[in-house]
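Heads up, the sequence shown is in our numbering, so the first residue is 3 and it goes up one at a time. Cβ coordinates follow ideal geometry from the N, Cα and C atoms, glycine included. A quick note: this is a predicted structure, and the numbers were derived from the prediction, not measured. This report concerns only the one structure given below.
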Amino acid sequence: MRNEPAAQVRLRPMTADDADRVLAIYQAGLDAGNASFDAVAPSWAAFDAGRLPAHRLVAVDRDGTLVGWIAVTPTSYREVYAGVVEHSVYVDPAARGRGVARLLLDALIDSTDAAGIWTIQAAVFPENTASLALHRRAGFRVVGTRERMGRHHGRWRDVILLERRSPVVH
Numbered sequence: 003m004r005n006e007p008a009a010q011v012r013l014r015p016m017t018a019d020d021a022d023r024v025l026a027i028y029q030a031g032l033d034a035g036n037a038s039f040d041a042v043a044p045s046w047a048a049f050d051a052g053r054l055p056a057h058r059l060v061a062v063d064r065d066g067t068l069v070g071w072i073a074v075t076p077t078s079y080r081e082v083y084a085g086v087v088e089h090s091v092y093v094d095p096a097a098r099g100r101g102v103a104r105l106l107l108d109a110l111i112d113s114t115d116a117a118g119i120w121t122i123q124a125a126v127f128p129e130n131t132a133s134l135a136l137h138r139r140a141g142f143r144v145v146g147t148r149e150r151m152g153r154h155h156g157r158w159r160d161v162i163l164l165e166r167r168s169p170v171v172h
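What follows is the structure in structure tokens.
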């Protein structure tokens with residue numbers, strides 16, 4: 003995988019054919035220790051069932067290698083929260099630092115704005131400074147810190163809750 007800039011990467015909708023690569027990148031993020039409370043990526047069936055199909059994208063380099071993905075989950079199935087989602091974005095460790103996550107996040111924002119989604123949330127460990135910076139640059143704001151949200155590898159972890167309110171969905 004070359005260290006090419008995000009301009010050399012194209013985005014497309016995620017499909018079931020991407021399952022192995024999506025889950026491998028997900029697992030690499032989990033293994034790094036600052037991405038999620040989860041330790042093991044879910045099965046494709048569980049992943050597929052939990053994420054909204056209309057807002058799943060993958061980033062592919064010019065060699066056709068999938069280097070990142072983004073997807074959303076509803077925060078609630080209550081009708082009043084139909085326009086609120088939480089997202090996850092993961093980039094292959096070999097492709098980090100090239101703007102792939104920002105490219106994915108910008109495309110997701112366009113997709114959710116067009117669909118009438120008014121809030122995108124993210125929950126980020128405070129130690130994940132790259133993710134916090136990415137979200138701030140993309141217009142997310144810190145809503146608060148959820149202290150001692152859960153135990154992760156035997157220790158309590160805080161989670162910073164961020165959100166982006168759509169300026170076009172009223």
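Excluding five sequence positions before and after valine 87, the CB atoms of its chain that fall closer than 8 Å to its own CB belong to Leu54, His57, Val74, Thr75, Pro76, Thr77, Thr114, Ile119, Thr121, Ile122, Gln123, given in chain order.
Contact check for arginine 148 against valine 161 passes: the beta carbons are separated by less than 7 Å.
Nearest in C-alpha terms to glutamate 129, of all of Tyr92, Val62, Asn36, Leu106, is Asn36.
Annotated as distal: valine 102 and valine 62, with beta-carbon spacing of 7 Å or more. The continuous stretches of alpha helix (DSSP H) do not include arginine 159, which lies in the beta strand (DSSP E) extending over residues 157-167. Following the DSSP letters along the chain, one finds glycine 31 in no beta strand (DSSP E) but inside the alpha helix (DSSP H) bounded by residues 21-34. The secondary-structure analysis by DSSP pairs tryptophan 71 across a beta bridge with Val60, Tyr92. Taking a C-beta distance under 7 Å as the contact criterion, leucine 163 and alanine 135 do not qualify as a contact pair. Rounded to whole angstroms, the separation of the alpha carbons of valine 171 and alanine 30 is 35 Å.
The C-beta distance from tyrosine 92 to tyrosine 28 rounds to 5 Å, short enough to meet the 8 Å contact threshold. Serine 45 counts as exposed, since fewer than 16 other beta carbons sit within 10 angstroms of its beta carbon. Assignment of alanine 103 by DSSP, reduced to helix, strand and coil, places it in the helix class.
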